[in-house]
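S.K.: Mind looking over this structure? Questions follow.
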């Protein structure tokens, strides 16, 4: 379970919430209201005040890398640092990867194709699979299907739903109201100055 | 072979070549005439002053004079490292990283070269220590500057890729590995190029000076080789230390990328 207490983002009022195992919280708000900042703070990518717990363990009780293996952030625009997709996955998760990318409608041979030859949608789906490798407990998705066609988007949603069923806590930022209602169990509404939980 | 002393008149004639440089700048509107005038004036004042300072220090018998001037040289070199960064670190480390690296590497290699290999009497003879330290600082500060500039520029340009690795659980050194590799490569290239060109494309400055002063060319070559070996080791060590230090400053103990520690307006 993900539990957040008094998280301070951009000098706004502190935010507290809980996301149970298998639940999905959708963060809603206008552009610039701090949705991505919350996801980054939960993944401990930016220094912020407040407490974040996963299954009772606070983030400061473990190293940053250990925390991020539990709490996985998938950015809206995924970045790559090697020529082919395979190098971006942990070496010890070989079987996991092929199953993951197959569930997103991608052939396993794509793992060794040059990234420059893949479409934006294919790269986004590979990034989604990459974020799931290694079995994190909490998943933070920042507009995971914004650049996908409806078919690929449906597969990605199915994968996120499967992650919920597997007991992972999910925090989702999306501008797609339909997706928010299909995947979300409750919402966190952000305005320019404050946040309020909406059930 | 004898040493031929230069008169101030000889220097004045040679200085007219700077005017050629200035005329080219003006004719082609390069916009560097002012910088050229400042740089040439600085060079004349600095070299003139250091000539007198060295003459004074060489006549002193206390090692404190040698150490004092060495520290001044290191402090100025450290400032030069900072001045060459387009986005230096904020706070004390902007100056501290380059200076501490130069202090450590400059001291180590000068002590090694002078104390263990040249072995002058007395060991602190300023005539050996200061010129060799100067050569070490001049070359290592170039290496450190290039390495830090490459590290910070690459980290800013590749921010999303570095953070993607961090978000997947990579430790900071793994996430910054490519930027560090680029930084170390760029920092060590000048000394590698200098070694490759030595003796064929150019005669190094110290060797030229010794030959003009009447030293046997083979003896001058031995000294130059000693200096080049010292420089190669000093540059590699300085670039490594500065890159490791820079990578630590670019991240924090939670292994987060901290580009906010760079002075973007610098």
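Protein chains in written order, with the numbering used here: chain A, 1 to 199; chain B, 1001 to 1266. Glycine is no exception: its CB is placed at the ideal position from the N, C-alpha and C atoms.
Contact criterion: CB-CB distance below 8 Å. Does residue 1067 (chain B) meet it with respect to chain A?
M.R.: Not closer than 8 Å to any Cβ of chain A, the Cβ of residue 1067 (chain B) fails to qualify, so no.
S.K.: Report all residues from its chain with a CB closer than 7 Å to the CB of residue 1003 (chain B); omit the five preceding and five following residues, and keep chain order.
M.R.: Excluding positions up to five away in sequence, the list reads 1213 and 1214.
S.K.: Note down the Cα distance separating residue 1026 (chain B) from residue 1036 (chain B), rounded to an integer number of angstroms.
M.R.: Those two C-alpha atoms are separated by around 11 Å.
S.K.: Under 8 Å between C-beta atoms, does residue 1250 (chain B) make it to chain A?
M.R.: Cβ-Cβ to chain A under 8 Å: no for residue 1250 (chain B).
S.K.: Name the residues in the region 1161-1173 of chain B whose C-beta lies less than 9 Å from a C-beta of chain A; which are they?
M.R.: Under the 9 Å Cβ criterion, the region 1161-1173 of chain B contributes 1161, 1162, 1163, 1164, 1165, 1166, 1167, 1168, 1169, 1170, 1171 and 1172.
S.K.: Scan the region 143-162 of chain A for residues whose Cβ lies nearer than 8 Å to a Cβ of chain B and list them as they occur along the chain.
M.R.: Those would be none; no residue qualifies.
S.K.: Please classify residue 1058 (chain B) as buried or exposed, where buried requires at least 16 neighbouring CB atoms within 10 angstroms.
M.R.: Exposed, because fewer than 16 other Cβ atoms sit within 10 Å of the Cβ of residue 1058 (chain B).
S.K.: For chain B, find out if any of its Cβ atoms is closer than 8 Å to the Cβ of residue 55 (chain A); answer yes or no.
M.R.: Chain B, which has no Cβ nearer than 8 Å to the Cβ of residue 55 (chain A), makes this no.
S.K.: Return no unless some Cβ of chain B is closer than 8 Å to the Cβ of residue 132 (chain A).
M.R.: Judged by the 8 Å Cβ criterion, residue 132 (chain A) is not in contact with chain B.
S.K.: Residue ranges of each alpha helix (DSSP H) run of no fewer than 4 residues wholly in the region 1185-1249 of chain B, ordered along the chain?
M.R.: 1205-1212 and 1217-1249, all fully within the region 1185-1249 of chain B.
S.K.: Determine, for residue 1254 (chain B), whether the minimum Cβ-Cβ distance to residues of chain A falls below 8 Å.
M.R.: Judged by the 8 Å Cβ criterion, residue 1254 (chain B) is in contact with chain A.
S.K.: Just by C-beta distance, which residues in the region 34-46 of chain A are closer than 8 Å to chain B?
M.R.: Within the region 34-46 of chain A, the residues whose Cβ lies closer than 8 Å to some Cβ of chain B are 43, 44, 45 and 46, listed in chain order.
S.K.: Going straight from the alpha carbon of residue 1105 (chain B) to that of residue 1250 (chain B), what length do you get?
M.R.: One C-alpha to the other measures close to 22 Å.
S.K.: Cα-Cα, which of A:11, A:30 and A:132 is closest to residue 223 (chain A)?
M.R.: Only positions 1 to 199 of chain A appear in the structure, and residue 223 (chain A) is not among them; the question remains open.
S.K.: Given 8 Å as the limit, is there contact between the region 1178-1191 of chain B and the region 1220-1236 of chain B, that is, 3 or more CB pairs closer than that?
M.R.: Yes, they touch.
S.K.: Can you give me the Cβ contacts of residue 1246 (chain B) inside the same chain, cut-off strictly under 6 Å, excluding the 5 residues immediately before and after it?
M.R.: Closer than 6 Å at the Cβ level, and outside the excluded window around residue 1246 (chain B), lie 1148 and 1151.
S.K.: Please report the distance separating the alpha-carbon of residue 1259 (chain B) from that of residue 1085 (chain B).
M.R.: Answer to the nearest angstrom: the Cα atoms are 14 Å apart.
S.K.: When you compare the CB of residue 68 (chain A) with every CB in chain B, is at least one pair closer than 8 Å?
M.R.: Answer yes: the Cβ-Cβ gap between residue 68 (chain A) and chain B drops below 8 Å somewhere.
S.K.: Using C-beta distances below 6 Å, list every residue in its chain close to residue 1344 (chain B), excluding the 5 sequence neighbours before and after it, in chain order.
M.R.: There is no way to answer for residue 1344 (chain B), as the model of chain B reaches only from 1001 to 1266.
S.K.: Does any residue of chain A have a CB that is nearer than 8 Å to the CB of residue 1267 (chain B)?
M.R.: The structure shown does not extend to residue 1267 (chain B), since chain B spans only 1001 to 1266, so no value can be given for it.
S.K.: With three or more C-beta pairs closer than 8 Å as the rule, is the region 1199-1210 of chain B touching the region 1075-1084 of chain B?
M.R.: Judged by Cβ distances under 8 Å, the region 1075-1084 of chain B makes no contact with the region 1199-1210 of chain B, as fewer than three pairs qualify.
S.K.: Out of A:52, A:168, A:18 and A:113, which one is the CA nearest neighbour of residue 133 (chain A)?
M.R.: Comparing Cα-Cα distances from residue 133 (chain A) to each of A:52, A:168, A:18 and A:113, the minimum goes to A:168.
S.K.: Ignore the nearest five residues each way along the sequence and tell me which others in residue 136 (chain A)'s own chain have a CB closer than 6 Å to its CB.
M.R.: Result list for residue 136 (chain A): 70 and 72, in chain order.
S.K.: Can you give me the start and stop residues for the alpha helix (DSSP H) that residue 1053 (chain B) sits inside?
M.R.: 1033-1058 is the extent of the alpha helix (DSSP H) around residue 1053 (chain B).
S.K.: Taking the alpha-carbon positions, what's the residue 124 (chain A) to residue 105 (chain A) distance?
M.R.: For residue 124 (chain A) and residue 105 (chain A), the distance between alpha carbons rounds to 12 Å.
S.K.: Interface residues of chain B around residue 75 (chain A) at Cβ under 8 Å?
M.R.: By Cβ distance, chain B contributes 1160, 1163, 1164 and 1167.
S.K.: Between the C-alpha atoms of residue 1172 (chain B) and residue 1183 (chain B), what's the straight-line distance to the nearest angstrom?
M.R.: Near 16 Å, if we compare the C-alpha coordinates of residue 1183 (chain B) and residue 1172 (chain B).
S.K.: So residue 84 (chain A) packs on residue 111 (chain A), CB below 8 Å; how close in whole Å?
M.R.: The Cβ separation is near 7 Å, so the contact holds.
S.K.: Pull up the DSSP beta-bridge partners for residue 169 (chain A), would you.
M.R.: Looking at the DSSP assignment, residue 169 (chain A) forms a beta bridge with A:138.
S.K.: Let's see if you can read the secondary structure: which residues bound the beta strand (DSSP E) around residue 1264 (chain B)?
M.R.: Taken as a continuous stretch (DSSP letters only), residue 1264 (chain B) belongs to no beta strand (DSSP E), as it is neither H nor E.
S.K.: Nearest to residue 127 (chain A) by CA position, among B:1161, B:1064, B:1005 and B:1045, is which residue?
M.R.: Per the Cα distances, B:1161.
S.K.: Quick check on DSSP: helix, strand or coil for residue 13 (chain A)?
M.R.: The answer is coil: DSSP assigns residue 13 (chain A) none of H, G, I, E or B.
S.K.: Taking only the alpha-carbon atoms, compute the straight-line gap between residue 1131 (chain B) and residue 114 (chain A) and give it to the nearest angstrom.
M.R.: For residue 1131 (chain B) and residue 114 (chain A), the distance between alpha carbons rounds to 53 Å.
S.K.: Residue 24 (chain A) to residue 1108 (chain B), Cα distance in whole Å?
M.R.: Answer to the nearest angstrom: the Cα atoms are 58 Å apart.
S.K.: Output yes or no for whether 8 Å exceeds the beta carbon distance between residue 1110 (chain B) and residue 1144 (chain B).
M.R.: Cβ distance not < 8 Å, so residue 1110 (chain B) and residue 1144 (chain B) don't count as in contact.
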